[in-house]
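Residues -26 to -1, 1 to 152 (mature numbering (1 follows the signal peptide of the UniProt record, and there is no 0)) are what the sequence shown spells out, left to right. In this text, a Cβ means the ideal position worked out from N, Cα and C, and glycines have one as well. Fair warning: this is a prediction, and the values are worked out from it, not measured in the lab.
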Amino acid sequence: MAVSRVTTARNLVVAASLALGLSACFRPLYGPTASGAPLGALLASIQVDPAQTAQGQERLGHYLRSELVFDLDGSGQPSEKRYRLILSTSESVQTPIVSSLTGRAESATLLGIASYKVVSLDGTRTITDGVAQGSATYDRSVQRFASVRAARDAEIRLAKLLADQIKTRVAAILATQP
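1) Flag this pair as yes or no: are the beta carbons of D23 and L59 separated by less than 8 Å?
2) Assuming I140 is part of the alpha helix (DSSP H), what are its boundary residues?
3) One question on the structure: do A82 and T63 come within less than 8 Å of each other, judged by their Cβ atoms?
4) Report the CB separation of G86 from L61 in whole angstroms; it is logged as a contact under 8 Å.
5) Mind checking which residues open and close the beta strand (DSSP E) that includes V93?
6) In or out: T98 buried (at least 16 other Cβ within 10 Å) or exposed?
7) When you compare each of A(-12), S109, I140, A124 to V92 by their alpha carbons, which one comes out closest?
8) Beta-carbon within less than 6 Å of T69's beta-carbon, same chain only, minus the 5 sequence neighbours each way: which residues are those?
9) Look up A106 in the DSSP assignment and say whether it is helix, strand or coil.
10) What residues match up with D113 in a beta bridge as DSSP calls it?
11) Do you know whose CA, among S9, T27, N(-16), Q151, lies nearest S66's CA?
12) Taking the C-alpha atoms as reference points, what is the distance between Q31 and L132?
13) Using a Cβ-Cβ cutoff of less than 8 Å, which residues in the same chain neighbour T111 once the five nearest sequence positions on both sides are dropped?
Following this line, the structure appears as structure tokens:
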């Protein structure tokens, strides 16, 4: 019994010392930034441009831009802009399940890709760029309106997913900028 208490105490000491040693390796995302400005203020200083999309795919670009505008600065208060976020989106639909009786797709997967680039407001310096990818599935119905509404809901979910990826990546980069 004494051996198990000693072993448990030793394991706790080792775990605590490892945690203490590694605690300096991590910086909280929403903590102080390298420049000293609050991260919320840096994110609010990003102007989100309308997304460039292919004809017929404008809705995803609209939803993505709306999500990013709200996520980056949902306060509704005007703020001084220091950066521009340039977006380009594309989407495609895959229908993996087709009914053998009707020949119609019973479900669909909406795939979306959003390229983004954060530049200084004058466009002379690129802060970061990248590509966010995601997918959203939905069921198709024989009722046309139900299928259209399900596809639109999938576009909204996909836009939220892509906006979350972009916001997190941009925040991580801006937090390290002097």
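Well, looking at it:
1) yes
2) 118 to 150
3) no
4) About 12 Å separates the two Cβ atoms, so there is no contact after all.
5) 81 to 94
6) exposed
7) I140
8) A79, A82
9) strand
10) S81
11) T27
12) 13 Å
13) S81, A82, T83, L84, A128
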